[in-house]
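Residue numbers (the UniProt record's numbering): 1 to 95.
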């Protein structure tokens, strides 16, 4: 049975690493090719992990306190990652 998580935040960064042996065999090369399946993060992106790191660091450093608003000027996936782990949701996780 799969592990049941207490929060979607707990799923960030725990994506599987898969060995692509058929690819190396079909090309006749030595070694291993590994694929990190970050699309299995809650926000379908590697930026979930980066956003969580930003929030963690801001809280540890005192730059982000309970009740503060996080504003991210972005045209990319980092904004999506921050939406997946906003401080309002993140604060519910027990530490």
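Just so you know, even glycine gets a beta-carbon here, dropped at the ideal spot from N, CA and C. A quick note: this is a predicted structure, and the numbers were derived from the prediction, not measured.
For residue 22, the enclosing alpha helix (DSSP H) covers residues 21-27. For residue 34, the enclosing beta strand (DSSP E) stretches over residues 34-36. By the neighbour-count definition (other C-beta atoms within 10 Å, threshold 16), residue 51 is a buried residue.
As a beta-bridge residue in DSSP terms, residue 17 pairs with 36. Excluding residues up to 5 positions away in sequence, 78, 79 and 82 lie with their Cβ nearer than 8 Å to the Cβ of residue 72 in the same chain. Proximity to residue 37 across 30, 14 and 23 peaks at 14, based on C-alpha coordinates. Contact annotation, residue 19 with residue 32: C-beta distance approximately 6 Å; criterion of less than 8 Å satisfied.
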